[in-house]
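In case it helps, my numbering puts the sequence shown at residues 3 to 619.
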Amino acid sequence: MLQKMRSGVASAIFMGILVLATGGLVLTDAGGFFRGGLTSNTVARFGSEKMNIQNFDHQLRRYLQQSGMTPEQAYSLGVVDQFLNTEINRTLLDQYIYKLGLRANDEVVAKNLSGMLEPVVQQGITKKEGLKRILEAQGIDEHTFIEGMRIDIVRDYFTDAFSTLPVSTKLQKELAAVQSQSRVLKLASFNDSDVKIEQQPTDEDLQAYYETIKSSFATPAMRSGTIGYFSPETLTKNISVSDEDLINYYKENETRLKKPEKRKLQQALLDDVATAEKVAAAVKEGKTLAEAVEDVTKSKSAFLGEASYEKSILPAELAESVFTAKPGTLIGPVETPLGVYVVNLVDILPAKAPEVAELRKNHEIALKNDKAATQYYDMVADIETRLQGGESLNEIAKHFDMKLDRFADATPADVEAGKLKVTGFKAGASFLRTMIFPEEESGAYSVNALPDGSTVFVEVTKDVQAGFKPFETVKQQVADSWLAREKHAANIVKVQALVPQLEKGETSLDKVAAGKTRTVTIQRGKNDGLAEALRSRAFMMSSGEYAVVPDDKGVTLVKVESVTFNNTENARLDDIDSQRLQENWQLALIAHLRREAGVRVNQPLLQRAYGGNTTIQ
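Given below as structure tokens:
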């Protein structure tokens, strides 16, 4: 696990947040900030850190390969700036975490790596081979990958730690005071049952009213039938993949699977053409490129080492020359937006097809799944054809590995409530409801796909459509409902008319309620027995205000007598949205770190490298 956080870490973070100033996160340099002391290939500076354009360009191009976007397109859409600032923010946060003394030990890293490789192991591949493939895909060595994972683990723990950060005492007390306020209410209840209605409804009135409340007398749909469940997993155990299958698969996907042509290069990236020409001349006199760079520049930093590259990874100005030259050729000087290159072409690594063994290792499982899917869908189609021909699921199940469940007189409400039990497969009640009672009429059977790729057949043997009870059978219920509605409406009108008189002091609650009033005290977060509608309305009212609130028995006339914000010396901030506060704190910390580091982005270099002829505004 992580080494224990040093004491004071949380307070240090919080103090950093308190001194934050407002403002944007991105500081650019359109006027030449980098002229003093920084080389022209520095794309960003923050604190003592300098980000080299050549390294940034390689990271950017690998990132953009996933979307098929060119660096120029990415620059015009603002993606380059976003990517750069993401890298800066991540680096600053990692540096801050390192200064706090947080580390992930080897045991934690090993556990996380094992979890990452578990899906690969389930496909029959060893962890060692799985790690090798990850490293090849990312183009990095094992040490770099492990150390990167170590940093990621600590960063995740650090981010989670924000959930435990304290809130200032002042803010805590003020918010708690609002949350724990209490109010004294005076209430008077007026029941609908006390209201007299002289006018009686005609049959025509009741018939018209019935149409408006018809849904109250609905009779549900009801179905009986059989559910059949069929899973493709039963097929995979009997499927094999031949060498011929693998070769045909490669031919069908040759463009995607063929390993692209590469060039092994030794590279030097210089600041100007004159220096580059001196380096090239020294190489022609017999020195290695590394020796020539050190002799001319008195430094090793311009020599980029030896590595293999696909054509798409190299800058366009350099790529064409490299991929048309022969091994042993010295290329350059070549001017690019990143600088001036001198390159020694070491070797040509031609494009090649993978061996059958490699295809089997990487694609056998996918081919098995494809074969299983084809057979599976053929079998599903066969079952559907049999259902169309009038066979029952009970008869069909004898020929296939199908599990059956039966249901009788089930209503949509029964299914939604989970009363329908099925043993063949797992599915939520809402999913079952849509299968048995689909919105569109499905006939005697339906075929349904589950999220896991399995198929469920539903055969309906009894179907009772939803409807409504006839008016004549519910006439008395309709009349009772009509009378209750009229009484409630008259009651609201009567009580509402009292409010202006009460507000003017012409009468009082005790008088209008014939002395049947009561006084209650309510407090946020405590159950006082009042209806939620009444509580909510009361907490929105001012002291001395009156309101009429309907309820299931009639209406309540309420007056707020007083409002008290209680003592909060020992209050806790339990009811505040802590997640939103934590997110704001994290953004604030990043802004603070950027300001302290003095982040500067070399926009002229970005524009020159990726902006084409666009003019900087």
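Glycine included, each C-beta is placed from N, C-alpha and C at the ideal position.
Cβ-Cβ distance between residue i and residue j below 7 angstroms
| i | j | result |
| --- | --- | --- |
| ALA431 | ALA223 | no |
| LYS466 | ILE438 | The residue asked about is misnamed: residue 466 is Val in this sequence, not Lys. No, they are not a contact pair. |
| VAL285 | LEU332 | yes |
| VAL358 | VAL275 | no |
| LEU536 | VAL551 | yes |
| ILE315 | ARG63 | yes |
| ARG602 | ARG47 | yes |
| ALA355 | LYS260 | yes |
| ILE494 | VAL560 | no |
| ILE55 | LEU340 | yes |
| LYS373 | ILE241 | yes |
| LYS129 | LEU119 | yes |
| PHE232 | THR463 | no |
| PHE473 | TYR211 | no |
| PRO352 | GLU256 | no |
| ALA220 | PHE470 | yes |
| ILE592 | ASN91 | yes |
Terminal residues of the beta strand (DSSP E) in which residue i lies
| i | result |
| --- | --- |
| GLU442 | Element bounds for GLU442: n/a, residue is neither H nor E. |
| PHE219 | Neither: PHE219 is in no beta strand (DSSP E) and is coded neither H nor E. |
| PHE636 | Shown here, the chain extends from 3 to 619; a query on residue 636 therefore has no answer. |
| ALA46 | 44-48 |
| ASP349 | 341-351 |
| ALA455 | Residue 455 is actually Gly in this sequence, not Ala. From DSSP, GLY455 is part of no beta strand (DSSP E); its letter is neither H nor E. |
| GLU474 | No beta strand (DSSP E) holds GLU474; DSSP gives it neither H nor E. |
| GLU337 | 332-338 |
| ASN240 | Counting along the chain, ASN240 falls outside any beta strand (DSSP E), and DSSP gives it neither H nor E. |
| LYS52 | 51-54 |
Opening and closing residue of the alpha helix (DSSP H) in which residue i lies
| i | result |
| --- | --- |
| GLU144 | 144-162 |
| ILE199 | Per DSSP, ILE199 belongs to no alpha helix (DSSP H) and is neither H nor E. |
| LEU259 | 256-259 |
| ARG610 | 605-612 |
| LEU504 | 500-506 |
| ALA678 | Residue numbering for the chain in the displayed model covers 3 to 619; residue 678 lies beyond these limits and cannot be assessed. |
| ASP205 | 205-214 |
Neighbourhood of residue i by C-beta, 7 angstroms cutoff - its chain only, sequence neighbours within 5 removed
| i | result |
| --- | --- |
| ALA304 | ALA270, LEU271, LEU272, VAL295 |
| PHE633 | Beyond the ends of the chain as shown, which are 3 and 619, falls residue 633; an answer cannot be given. |
| PHE36 | Low per-residue confidence applies at PHE36: pLDDT is 39, beneath 50, and the placement is therefore not dependable, though the value from the model is reported in the following sentence. THR44, ASN604. |
| MET543 | ALA549, VAL562 |
| PHE160 | ILE99, LEU104 |
| ASN114 | MET151, ILE155 |
| GLU386 | VAL449 |
| ALA278 | LEU272, GLY334, PRO335, VAL342, VAL344 |
| THR329 | The sequence given here has Pro at residue 329, not Thr. Cβ neighbours of PRO329 beyond the five flanking positions: LEU347, VAL348, ASP349, ILE350. |
| LYS280 | VAL298 |
| PHE85 | LEU62, TYR65 |
| THR338 | PRO317, GLU319, LEU320 |
Own chain, CB closer than 8 angstroms to residue i, minus 5 neighbours either side, in chain order
| i | result |
| --- | --- |
| GLU598 | GLY49 |
| LYS555 | SER191, ASN193, ASP194, SER195 |
| VAL111 | ILE148, MET151, ARG152, ILE155 |
| TYR251 | LEU361, HIS365, LEU369 |
| ARG582 | Reliability of the predicted coordinates at ARG582 is poor, the pLDDT of 49 falling under 50, and no value is obtained from them. |
Nonlocal neighbours in the same chain, by C-beta distance under 6 angstroms from residue i, ignoring five residues either side
| i | result |
| --- | --- |
| ALA368 | none |
| GLN503 | THR509 |
| GLN525 | SER184 |
| LYS506 | none |
| ASP1 | No information on residue 1 is available, as it lies outside the stretch 3 to 619 that the chain covers here. |
| VAL382 | THR457 |
Minimum Cβ-Cβ distance from residue i to chain C less than 7 angstroms
| i | result |
| --- | --- |
| PRO329 | Included in the structure is just one protein chain, with no chain C present. |
beta-carbon residue i near the ligand GTP non-hydrogen atom, thresh 6 angstroms
| i | result |
| --- | --- |
| SER301 | Among the components modelled here there is no ligand, and therefore nothing to report on the ligand GTP. |
Please confirm if the stretch 418-427 is in contact with the stretch 187-200, defined as three or more CB-CB distances below 8 angstroms between the two stretches. no
For the stretch 552-569 against the stretch 180-192, are there 3 or more C-beta pairs whose distance is under 8 angstroms? Taking one beta carbon from each stretch, the stretch 552-569 and the stretch 180-192 have 3 or more pairs nearer than 8 angstroms; the two touch.
Touching by the beta-carbon criterion (3+ pairs, under 8 angstroms), the stretch 333-347 and the stretch 307-323: Contact between the stretch 333-347 and the stretch 307-323 is present, because at least three Cβ pairs lie under 8 angstroms.
Would you check if there are 3 or more beta carbon pairs closer than 8 angstroms linking the stretch 407-421 to the stretch 432-440? yes
Taking 8 angstroms as the threshold, find out whether the stretch 469-481 comes into contact with the stretch 516-529 through three or more Cβ pairs. no
Three or more beta-carbon pairs under 8 angstroms between the stretch 151-165 and the stretch 89-101, yes or no? yes
Give a yes or no on contact between the stretch 399-411 and the stretch 216-230, applying the rule of three or more CB pairs nearer than 8 angstroms. yes
Which whole runs of the beta strand (DSSP E) in the stretch 374-430 are 3 residues long or more, in chain order? 405-412
Taking the runs of the alpha helix (DSSP H) that are 4 residues or longer, which of them lie wholly in the stretch 66-139? 73-78, 81-101, 108-123
Report the start-end ranges of each beta strand (DSSP E) in the stretch 485-562 that is 3 residues or longer and not cut off at the edges. 519-525, 548-552
What beta strand (DSSP E) runs, 3 residues minimum, are completely inside the stretch 258-290? If you keep only unbroken beta strand (DSSP E) runs of at least 3 residues inside the stretch 258-290, you get 264-272.
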